[in-house]
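Comments concern the structure below.
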Amino acid sequence: MTPQSNFMVAVPVLPEREPELRALLATMNLRPGVVDPENALFPFGHFDALHVARFVILRDETAADLPEGDSLRQAPAWLAFLGDCDGDSDALLTRFAAIAGDGLRRIFSHCAEYAGDADLPGWLRAHSVSPAACYVNWIGRTVPQIREEAALHQALKACLARESGFPAGEAPLTVRDRLIAYQRENGPALTPLSPTPPKWRRRELLNRFGVPLALVLLAPLVLLYAPLFFWLLRRRETTDPVITPPPTPAHVDALSRIEDHDVTNQFSAFGSLKPGWFRLSTIRFIFWVLEFSTRQIYTRGKLARVGTIHFARWVFMDGRRRVFFASNYDGSLDSYMDDFINKAAFGLNLVFSNGMGYPRTRFLLSGGAAIEQQFKNWLRRRQLPTEVWYKAYPGLTAADLARNTMIREGLDAAAMTEDAARRWLALI
Amino acid sequence: MQGLLRSGYGALAQGSYLLLRITDAAGARVWLAQAPVTNAAAREVSNLLQVALSAGGLRALGVTEPVMAGFAPEFLSGMAGQEGRSRRLGDVGANAPARWRWGHRRVPDVLLMLAAKTDLAGWRDRVTTAAFRQGFEILEELPTSDMGGREPFGFVDGLSQPRLDWDGARRPGTAADLDYGNLIAAGEFVLGYRNEYGLYTDRPLLDAASGGAATLPPAVDDPSRRDLGRNGTYLVLRELHQDVRRFWRFMTSAAGTEAGGVALAEALVGRHLSGEPLIPGRHRLAGLGDEPGAIGSNGFVYEDDDKDGLRCPFGAHVRRANPRTADMPGGRQGTITRAIRMLGLFNPDLRGDLIASSRFHRILRRGREFGTLLTPQQAARSDVPDPQAGLHFVCLNANISRQFEFIQNAWLASAKFGGLSGESDPLTGNREPHPPGQATDGFGQPQPNGVTRRLSSLPQFVTVAGGGYFFLPGLRALRYLAGSTKDAS
Chain A
4 MTPQSNFMVA
14 VPVLPEREPE
24 LRALLATMNL
34 RPGVVDPENA
44 LFPFGHFDAL
54 HVARFVILRD
64 ETAADLPEGD
74 SLRQAPAWLA
84 FLGDCDGDSD
94 ALLTRFAAIA
104 GDGLRRIFSH
114 CAEYAGDADL
124 PGWLRAHSVS
134 PAACYVNWIG
144 RTVPQIREEA
154 ALHQALKACL
164 ARESGFPAGE
174 APLTVRDRLI
184 AYQRENGPAL
194 TPLSPTPPKW
204 RRRELLNRFG
214 VPLALVLLAP
224 LVLLYAPLFF
234 WLLRRRETTD
244 PVITPPPTPA
254 HVDALSRIED
264 HDVTNQFSAF
274 GSLKPGWFRL
284 STIRFIFWVL
294 EFSTRQIYTR
304 GKLARVGTIH
314 FARWVFMDGR
324 RRVFFASNYD
334 GSLDSYMDDF
344 INKAAFGLNL
354 VFSNGMGYPR
364 TRFLLSGGAA
374 IEQQFKNWLR
384 RRQLPTEVWY
394 KAYPGLTAAD
404 LARNTMIREG
414 LDAAAMTEDA
424 ARRWLALI
Chain B
69 MQGLLRSGYG
79 ALAQGSYLLL
89 RITDAAGARV
99 WLAQAPVTNA
109 AAREVSNLLQ
119 VALSAGGLRA
129 LGVTEPVMAG
139 FAPEFLSGMA
149 GQEGRSRRLG
159 DVGANAPARW
169 RWGHRRVPDV
179 LLMLAAKTDL
189 AGWRDRVTTA
199 AFRQGFEILE
209 ELPTSDMGGR
219 EPFGFVDGLS
229 QPRLDWDGAR
239 RPGTAADLDY
249 GNLIAAGEFV
259 LGYRNEYGLY
269 TDRPLLDAAS
279 GGAATLPPAV
289 DDPSRRDLGR
299 NGTYLVLREL
309 HQDVRRFWRF
319 MTSAAGTEAG
329 GVALAEALVG
339 RHLSGEPLIP
349 GRHRLAGLGD
359 EPGAIGSNGF
369 VYEDDDKDGL
379 RCPFGAHVRR
389 ANPRTADMPG
399 GRQGTITRAI
409 RMLGLFNPDL
419 RGDLIASSRF
429 HRILRRGREF
439 GTLLTPQQAA
449 RSDVPDPQAG
459 LHFVCLNANI
469 SRQFEFIQNA
479 WLASAKFGGL
489 SGESDPLTGN
499 REPHPPGQAT
509 DGFGQPQPNG
519 VTRRLSSLPQ
529 FVTVAGGGYF
539 FLPGLRALRY
549 LAGSTKDAS
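Line by line, the protein sequences give chains A and B.
Just so we're on the same page, our numbering is the position in the first sequence counted from 1, plus 3.
Just so we're on the same page, our numbering is the position in the second sequence counted from 1, plus 68.
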């Protein structure tokens, strides 16, 4: 398989050119919230390795929640260009520069630190920011594979729909054999999966054993620190300010306008961490464990119980004083938040309770997101309208992709029991 | 509180909805102060009057912006207030607000619900007094008809309703919620009570010192303030036109026979015409009662009784409208199993946990039908005139976005409900491709051998012709809004 990677270029925007930049980015959309994949500035559709990508202007809209006199109350704006892709993202940035260099130069000319005709791939790399943690719904499933498997699902579905060929009550294995024969003769081509790069495999293996080993070695220190940690934590949890006014109607309108044009939505949120070393060290440790879990445990279809996220990432910005969170999720925002609150509130709390103004938590796990309306206000206030958002497979949810992969795996399986064949047929 | 929270008053068979515009605020307040609004505590009601107000209506009565800001954002924005909301609710294409009879350009300020046992016209005259005409004009009158408990397609309707936990007997969020239950926290349906999170849903809380607020009850969660929401709730109204002839002609022709058409329609709906479920009820669910009738018509859970959708298809209307899911699949389990499941470990089943916990997404349905009822046989004939029938859908909920809008968007309208694809609600779907190029007009029926039998190109059977969000105030809040300081019980 070809593992995915990601890229993010973030550069401060020249304040006087921000309105012009927003207008320019808007030209990439057919209408608000719907990108033109072949737009003249950056033709996303040309890049077969690209799953999702976005341009978003990051400005901490809640900086005023910070204590008086805090230097972070001054909130500059960054332009972020980020995406998730198959294979090496460095190589992709080079291709971006080769194919869409003019458009990218035009876009980034609105930013500080842009020198004009310099070496563009080098410049993009120099302004790249790595995530503190990221999540990939299904490690190693490429864009071409997703498209082929979707075509396979459609073809098998159409074949079954010609009902006369499959009288009701025919044995599952017989139906399966006929579908296999149909696929062989008339079905869409399925490219064999490419071999996994040995370098990547070694790195993941090292990570799989290295992180638990490090945790074991650190355990005595962690245990020693624990009483102090909980004392410090509880002191903060009982006194940290909770700031959860509802977002303004204008803000909600601006976000709503660009949502729900596809079955998947983008989510971009940006805010400040609570000041001080304690929160920073806590969140860095949590990101470290989270990153391990998404690399080693949640690698096929689900993040804990949540199966609606395609890609997500958390990125430190501004000298690790602010955090940018980006995700690509299925369904509308309210159902996404409900899903998280009801299925994984503890996970939200672990990460986001280190953010300024978060609803009150207890021991980092409970409370917080379970204070439903406060949490929704808190999150929605930090959300920013994404200027341009691209997804390579409109109309397909993560559940669709998982089902299609299972259909393909079942088609390739050597032998099957009658019951397994029945369950496989039910997927189509 | 207003009686609608307790009952739909089905025994008052004659009903009518008046959509009003406030022409004179002072006149409107005078009438509201003495309007004979039916109290939930009243017994032996023979005439019913209920009053609800839209955001525009509250403003027209003089409610100030700081107070308005305490209402839910979706209520303030309105059902047709945002294109994004219309997309989520499926109000696009033939359902688009621009085509509505009312609720888009003609937005009512006030909704009056009238019902009577025998003499609706007389009751209407007694309600719409000279004082009434001083304050209001009638924008639209929505008549209703009594179909004897059936909706216009001929199905017995309104069988599944949540039971409200008025005394707080159940503590939400415990291990008991690993089983699906029908007893739901009162705060899901009435403001000022604890909801399924154990919290109080946001609502306007006023300074006791502000004008007239002293007559309002103190907020339970903040006794220093007065609660304008207490004993009130949000009311959602949608005028749904049902194309009964198209429905039955499609069923008969798709199935080939009249009887086959009925069976197909029953699969689409998820219940028999008689209201009997496709899955015979046998469980005593919390909040259902012990009565055999209640257990028979609602004592079933899809996960336990029909995991493969062989009896009630996954996409059937009633299975979408209330999927009867517990907090986690797998039922009651030990703490360790529960923790493992919560972390999503060792669970390769990708589709089993897609649907959210039902207890956060329930509504109280209070609608009434309109038009003429036809039998399926009559409707399928080619010479029968259009019965002009439909449903004035009404539901009550404390949080419109988490309850009505969630059900309508994530469960009914969604082409991806529960891992399905290519189909939205077979009864109410708008059939618009979403996103462009991707069909939503299919319907799948799983067969025992694993093959899903699929219908395609379902026509649109139900069209939205109007709608709005209203606040159904408690009686004291209504007096407050009327500017009167007279106490109400």
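For glycine and all other residues, C-beta sits at the position ideal for the given N, C-alpha and C.
Quick caveat: nothing in here was measured; it's all calculated off a predicted structure.
> Three-state secondary structure (DSSP) at W170/B?
Replying inline: Taking the first residue of the second sequence as position 1, residue 170/B is located at position 102. If DSSP states are grouped into helix, strand and coil, W170/B belongs with the strands.
>> In whole angstroms, give me the CA-to-CA distance for L3/A and R20/A.
In response: Within the shown structure, residues of chain A are numbered from 4 to 431, placing residue 3/A beyond reach of any answer.
> Can you tell me where the beta strand (DSSP E) with L53/A in it begins and where it stops?
Replying inline: The residue given as residue 53/A occupies position 50 in the first sequence. First-last of the beta strand (DSSP E) with L53/A: L53 to R62.
>> Between S492/B, R298/B and D159/B, which has its C-alpha nearest P272/B's C-alpha?
In response: Reading the second sequence from its first residue, position 204 is the one you call residue 272/B. If we check each option's Cα against that of P272/B, R298/B comes out closest.
> Using Cβ-Cβ distances below 8 Å, what residues of the stretch 384–406 of chain A are close to chain B?
Replying inline: P397, G398, T400, A402, D403, A405 and R406
> Between L86/B and the rest of its own chain, which residues show a CB-CB distance below 6 Å, the 5 nearest in sequence each way excluded?
Replying inline: For the purposes of this step, residue 86/B is taken as the residue at position 18 of the second sequence. Excluding positions up to five away in sequence, the list reads L180, I206 and E209.
> Nearest to S258/A by CA position, among T267/A, L336/A and L163/A, is which residue?
Replying inline: Translated into the one-based positions of the first sequence, residue 258/A becomes position 255. In the sequence as presented, Ser is not what sits at residue 258/A; that position holds Leu. Closest option to L258/A, Cα to Cα, is L336/A.
> Is it true that the CB of A322/B sits closer than 8 Å to the CB of L523/B?
Replying inline: Against the second sequence, residue 523/B aligns to sequence position 455. Against the second sequence, residue 322/B aligns to sequence position 254. Contact: yes.
> Can you give the beta carbon distance from S492/B to A478/B, rounded, assuming they're within the 8 Å contact cut?
Replying inline: Counting from 1 along the second sequence, the entry for residue 492/B is found at position 424. Counting from 1 along the second sequence, the entry for residue 478/B is found at position 410. Contact doesn't hold; Cβ gap of about 11 Å is too wide.
>> Tell me the rounded alpha-carbon separation between A73/B and D39/A.
In response: Position 5 of the second sequence, counted from the start, is the residue given in the question as residue 73/B. Position 36 of the first sequence, counted from the start, is the residue given in the question as residue 39/A. Here residue 73/B turns out to be Leu, not Ala, going by the sequence shown. Distance between the alpha carbons of L73/B and D39/A: 49 Å.
> Would a check of beta-carbon distances place V131/B closer than 8 Å to chain A?
Replying inline: In the second sequence, the residue the question calls residue 131/B occupies position 63. No - not a single Cβ of chain A is within 8 Å of the one on V131/B.
>> So, under 8 Å CB-CB, P176/B and S122/B are touching, yes? Tell me the CB distance rounded to an integer number of Å.
In response: Position 108 of the second sequence, counted from the first residue, corresponds to residue 176/B. Position 54 of the second sequence, counted from the first residue, corresponds to residue 122/B. Right, their Cβ atoms sit about 6 Å apart.
>> Taking the beta carbon of G358/A as the centre, do at least 16 other beta carbons fall within 10 Å, making it buried, or is it exposed?
In response: On the first sequence, residue 358/A is found 355 positions in, with the first residue counted as 1. So G358/A ends up on the buried side.
> Per DSSP, what kind of secondary structure is K185/B in: helix, strand or coil?
Replying inline: Within the second sequence, residue 185/B is the residue found at index 117, counting from 1. Note: K185/B maps to coil in three-state DSSP.
>> On the DSSP letters alone, give me the boundaries of the alpha helix (DSSP H) that S92/A sits inside.
In response: As a working note, residue 92/A is residue 89 in the first sequence. Note, S92/A: alpha helix (DSSP H), S92 to F111.
> P494/B touches chain A at which residues, Cβ-Cβ below 7 Å?
Replying inline: Within the second sequence, the letter at position 426 stands for residue 494/B. The premise fails here: P494/B is roughly 17 Å from chain A at the closest Cβ pair, so nothing lies under 7 Å.
> What is the residue span of the alpha helix (DSSP H) that V214/A lies within?
Replying inline: Translated into the one-based positions of the first sequence, residue 214/A becomes position 211. Note, V214/A: alpha helix (DSSP H), P201 to T242.
>> Alpha carbons only, please: which of G48/A, V178/A and L61/A is nearest the one belonging to I102/A?
In response: Taking the first residue of the first sequence as 1, we reach residue 102/A at position 99. Closest by alpha carbon: G48/A.
> F319/A: which of E207/A, E390/A, W291/A and L176/A sits nearest, CA to CA?
Replying inline: Translated into the one-based positions of the first sequence, residue 319/A becomes position 316. Sorting E207/A, E390/A, W291/A and L176/A by C-alpha distance to the C-alpha of F319/A places W291/A at the top.
> Is there a Cβ from chain B that is less than 8 Å from the Cβ of N331/A?
Replying inline: Taking the first residue of the first sequence as position 1, residue 331/A is located at position 328. Not one chain B Cβ lies under 8 Å of N331/A.
> Are V326/A and G274/A closer than 8 Å when you measure CB to CB?
Replying inline: In the first sequence, residue 326/A corresponds to position 323, counting from 1. In the first sequence, residue 274/A corresponds to position 271, counting from 1. Going by C-beta atoms, V326/A is nearer than 8 Å to G274/A.
>> Measuring straight from C-alpha to C-alpha, what distance separates G349/B and A79/B?
In response: Here the question's residue 349/B lines up with position 281 in the second sequence. Here the question's residue 79/B lines up with position 11 in the second sequence. Rounded to whole angstroms, G349/B to A79/B spans 26 Å at the Cα level.
>> Between which residues of its own chain and E142/B is the CB-CB distance below 6 Å, once the five residues before and five after are set aside?
In response: Within the second sequence, residue 142/B is the residue found at index 74, counting from 1. I468 and S469.
> Are the C-beta of Y508/B and some C-beta of chain A separated by less than 8 Å?
Replying inline: Working through the second sequence from its first residue, we reach residue 508/B at position 440. For clarity, residue 508/B is Thr in the given sequence; the question names Tyr instead. For T508/B, the answer is no, since every Cβ of chain A falls outside 8 Å of its Cβ.
> K375/B touches chain A at which residues, Cβ-Cβ below 7 Å?
Replying inline: Taking the first residue of the second sequence as position 1, residue 375/B is located at position 307. The premise fails here: K375/B is roughly 11 Å from chain A at the closest Cβ pair, so nothing lies under 7 Å.
> Distance, Cα to Cα, D193/B vs S213/B?
Replying inline: Locating residue 193/B in the second sequence gives position 125, counting from the first residue. Locating residue 213/B in the second sequence gives position 145, counting from the first residue. Approximately 19 Å, taken between the alpha carbons.
> Are the CB atoms of P391/B and S365/B nearer to each other than 8 Å?
Replying inline: By one-based count along the second sequence, residue 391/B stands at place 323. By one-based count along the second sequence, residue 365/B stands at place 297. Not a contact, by the Cβ cut-off of 8 Å.
> K394/A by DSSP, collapsed to three states: which one?
Replying inline: Along the first sequence, one-based indexing puts residue 394/A at 391. The answer is strand: DSSP assigns K394/A an E or B state.
> Less than 8 Å separating the beta-carbons of G542/B and G300/B?
Replying inline: Indexing the second sequence from 1 puts residue 542/B at position 474. Indexing the second sequence from 1 puts residue 300/B at position 232. In contact: G542/B and G300/B (Cβ atoms closer than 8 Å).
> Taking 8 Å as the CB-CB cut-off, is L17/A touching chain B?
Replying inline: For this step, residue 17/A is matched to residue 14 along the first sequence. It does not: the Cβ of L17/A has no partner Cβ on chain B nearer than 8 Å.
> Taking just the CA atoms, how far does A109/B sit from A556/B?
Replying inline: For this step, residue 556/B is matched to residue 488 along the second sequence. For this step, residue 109/B is matched to residue 41 along the second sequence. For A556/B, the predicted structure reports a pLDDT of 36, less than 50, and the residue's modelled location is therefore unreliable. The matter cannot be settled from this model.
> Do you know how far the Cα of R436/B is from the Cα of H460/B?
Replying inline: Reading the second sequence from its first residue, position 392 is the one you call residue 460/B. Reading the second sequence from its first residue, position 368 is the one you call residue 436/B. Their backbone Cα atoms lie some 5 Å apart in a straight line.
>> Could you compute how far the alpha carbon of T320/B sits from the alpha carbon of A448/B?
In response: Locating residue 320/B in the second sequence gives position 252, where the first residue counts as 1. Locating residue 448/B in the second sequence gives position 380, where the first residue counts as 1. If I take the Cα positions, the gap works out to 7 Å.
>> Cβ closer than 8 Å: which chain A residues qualify as neighbours of A483/B?
In response: Locating residue 483/B in the second sequence gives position 415, where the first residue counts as 1. Residues of chain A passing the Cβ test: V266.
> Closer than 7 Å: is that where the CB of A43/A sits relative to any heavy atom of the ligand GDP?
Replying inline: Ligands displayed in this structure: none; no statement on the ligand GDP is therefore possible.
> Are the C-beta atoms of A253/A and some chain B residue less than 8 Å apart?
Replying inline: The residue labelled residue 253/A in the question sits at position 250 within the first sequence. For A253/A, the nearest beta carbon of chain B is not closer than 8 Å to its own beta carbon.
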